[in-house]
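Colleague: Reading the sequence shown from the start, the letters are residues 2 to 139 in the numbering used here.
Yeah, the Cβ is synthetic: ideal placement off N, Cα and C, and Gly gets one too.
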Amino acid sequence: MKKLVSLLLVLSLLAMLAGCTQYHAQGAGAGAVLGGVAGALLDRKNPWRGGVIGAALGGAAGATFADVSVRASQEAASTGKPVAYMTEDGRGVYRADPIDYNAQTKCHKVQERVWEDGRLIKDQIKEVCEGEKYEKRY
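1. Name, in chain order, the residues that DSSP records as bridge partners for asparagine 47.
2. Do you know offhand how far alanine 85's Cα is from alanine 57's?
3. For glycine 81, count neighbouring Cβ atoms within 10 angstroms of its own Cβ and tell me buried if that reaches 16, exposed if not.
4. Enumerate in chain order the residues of its own chain whose CB-to-CB distance from valine 69 is below 8 Å, with the five nearest sequence positions on each side excluded.
5. Measure the CB-CB distance between glycine 55 and alanine 67 and report whether it falls below 8 Å.
6. Runs of 3 residues minimum, wholly inside the stretch 94-122: which ones carry the beta strand (DSSP E) assignment?
7. On the CB-based measure, 16 or more other CB atoms within 10 Å of its CB, does serine 74 come out buried or exposed?
8. Does alanine 33 pass the burial test, meaning 16 or more other C-beta atoms within 10 Å, or should it be called exposed?
9. Taking 8 Å as the threshold (C-beta atoms), are lysine 110 and isoleucine 126 in contact?
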């Protein structure tokens with residue numbers, strides 16, 4: 002019975018990933034790995050159960066965070082204005098600031114920053130393109 006529940010959890014996670022974009026899949030994968038390790042360490046009686054549950058929860062959280070990141074960076078690029086999101090408790094803040102636009106490649110550069118409890122935990126520059134790129138070089 003336990004193996005069946007574990008299998009169903011893994012299959013449901015894979016089904017969620019099937020409809021994801023590249024960013025969602027990366028976020029879900031990173032969240033699943035971190036959640037799985039944390040769950041296995043926390044559930045001392047049955048680390049497999051903790052790992053599977055942690056992976057499922059971490060994967061969902063990672064995909065959600067990736068979705069917020071993609072939407073906010075696209076909104077900042079299209080409007081040319083900063084976009085900020087805050088968690089309900091105010092502990093987490095996400096901010097996307099438009100930096101530059103390259104008319105030749107039709108790509109916007111957006112700076113993404115994430116704070117948790119007032120500490121900067123992520124700071125990166127992301128490209129948001131209007132069309133499709135066919136080459137990796139410009």
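Modeller: Let's see:
1. Along the sequence shown, one-based indexing puts residue 47 at 46. Beta-bridge pairing links asparagine 47 to no other residue.
2. What you label residue 85 is simply residue 84 of the sequence shown in a count that begins at 1. What you label residue 57 is simply residue 56 of the sequence shown in a count that begins at 1. The alpha-carbon atoms of alanine 85 and alanine 57 are separated by roughly 27 Å.
3. Position 80 of the sequence shown holds residue 81. Glycine 81 comes out exposed.
4. Start at 1 with the first residue of the sequence shown, and residue 69 comes out as number 68. So the qualifying residues of the chain are Tyr86, Tyr95.
5. Taking the sequence shown and counting its residues from 1, the one referred to as residue 55 is at position 54. Taking the sequence shown and counting its residues from 1, the one referred to as residue 67 is at position 66. No, the Cβ-Cβ distance between glycine 55 and alanine 67 is not below 8 Å.
6. Counting whole runs of 3 or more residues, the stretch 94-122 contains the beta strand (DSSP E) stretches 108-117.
7. As a first step, residue 74 must be located in the sequence shown, where it is residue number 73. When all chains shown are included, serine 74 counts as buried.
8. For the purposes of this step, residue 33 is taken as residue 32 along the sequence shown, with counting starting at 1. By the 10 Å Cβ count, alanine 33 comes out buried.
9. Taking the sequence shown and counting its residues from 1, the one referred to as residue 126 is at position 125. Taking the sequence shown and counting its residues from 1, the one referred to as residue 110 is at position 109. In this structure, isoleucine 126 sits near lysine 110, with a CB-CB distance shorter than 8 Å.
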